[in-house]
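One structure is given here, and the rest of the page talks about it.
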């Protein structure tokens with residue numbers, strides 16, 4: 190399952206990503222916000238909690254820059270959140286880091302690019318192998 194959330198600054202980009210997910214017939218659950226003023230740590234924690242319920246779950250978080258929400262997410266054990274603004278980062282954070290959440294900044298990443306990066310993120314598998322011990326070190 191894909192869980193998606195944003196604060197008020199990221200709301201419009203989140204709605205664009207929801208359109209992409211819907212048009213692509215990808216199941217998702219929107220955990221807020223609905224445009225009202227909210228604090229990004231609250232949304233990050235909601236999404237992270239749901240992502241951690243199953244190793245197959247993925248998350249999408251959006252705030253103004255993507256920085257605050259990604260910092261918050263990465264404070265939660267078991268979360269590997271990556272702020273991505275380019276194809277290579279979106280692909281290799283899955284292949285090498287087994288990232289389970291992708292983050293975007295509405296003020297720095299356009300809706301079209303964010304949808305393309307989300308598609309890459311969701312369709313790239315973890316390589317495993319030599320990367321497993323590295324990911325385990327992150328979890329320690």
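In the numbering used here, the protein residues as written are 190 to 329.
Beta carbons: idealized from backbone N, C-alpha and C, even for Gly.
CB contact flag (residue i, residue j, <8 Å)
{"i": "residue 258", "j": "residue 276", "result": "no"}
{"i": "residue 232", "j": "residue 194", "result": "yes"}
{"i": "residue 279", "j": "residue 324", "result": "no"}
{"i": "residue 198", "j": "residue 252", "result": "yes"}
{"i": "residue 207", "j": "residue 190", "result": "no"}
{"i": "residue 295", "j": "residue 202", "result": "yes"}
{"i": "residue 284", "j": "residue 316", "result": "yes"}
{"i": "residue 300", "j": "residue 205", "result": "yes"}
{"i": "residue 254", "j": "residue 271", "result": "no"}
{"i": "residue 215", "j": "residue 311", "result": "yes"}
{"i": "residue 327", "j": "residue 269", "result": "yes"}
Own chain, CB closer than 6 Å to residue i, minus 5 neighbours either side, in chain order
{"i": "residue 248", "result": "192, 236, 240, 290"}
{"i": "residue 338", "result": "Summary: the structure shown does not reach residue 338, with the chain confined to residues 190 through 329, and so no result is reported for it."}
Simplified DSSP state of residue i, which is helix, strand or coil
{"i": "residue 213", "result": "coil"}
{"i": "residue 324", "result": "helix"}
{"i": "residue 297", "result": "coil"}
{"i": "residue 219", "result": "strand"}
{"i": "residue 303", "result": "helix"}
{"i": "residue 227", "result": "coil"}
{"i": "residue 260", "result": "helix"}
Presumed contact (8 Å Cβ cut-off) between residue i and residue j, rounded CB distance
{"i": "residue 224", "j": "residue 200", "result": "5 Å"}
{"i": "residue 298", "j": "residue 274", "result": "5 Å"}
Neighbour flag for residue i against chain B, beta carbons, 8 Å
{"i": "residue 328", "result": "Absent here is chain B; the protein component of the structure consists of one chain."}
7 Å Cβ shell around residue i - same chain, five flanking residues per side excluded
{"i": "residue 307", "result": "206, 209, 249, 291"}
Per the contact definition of three or more C-beta pairs closer than 8 Å, is the segment 273-291 in contact with the segment 235-243?
Counting Cβ pairs under 8 Å, three or more are found: they touch.
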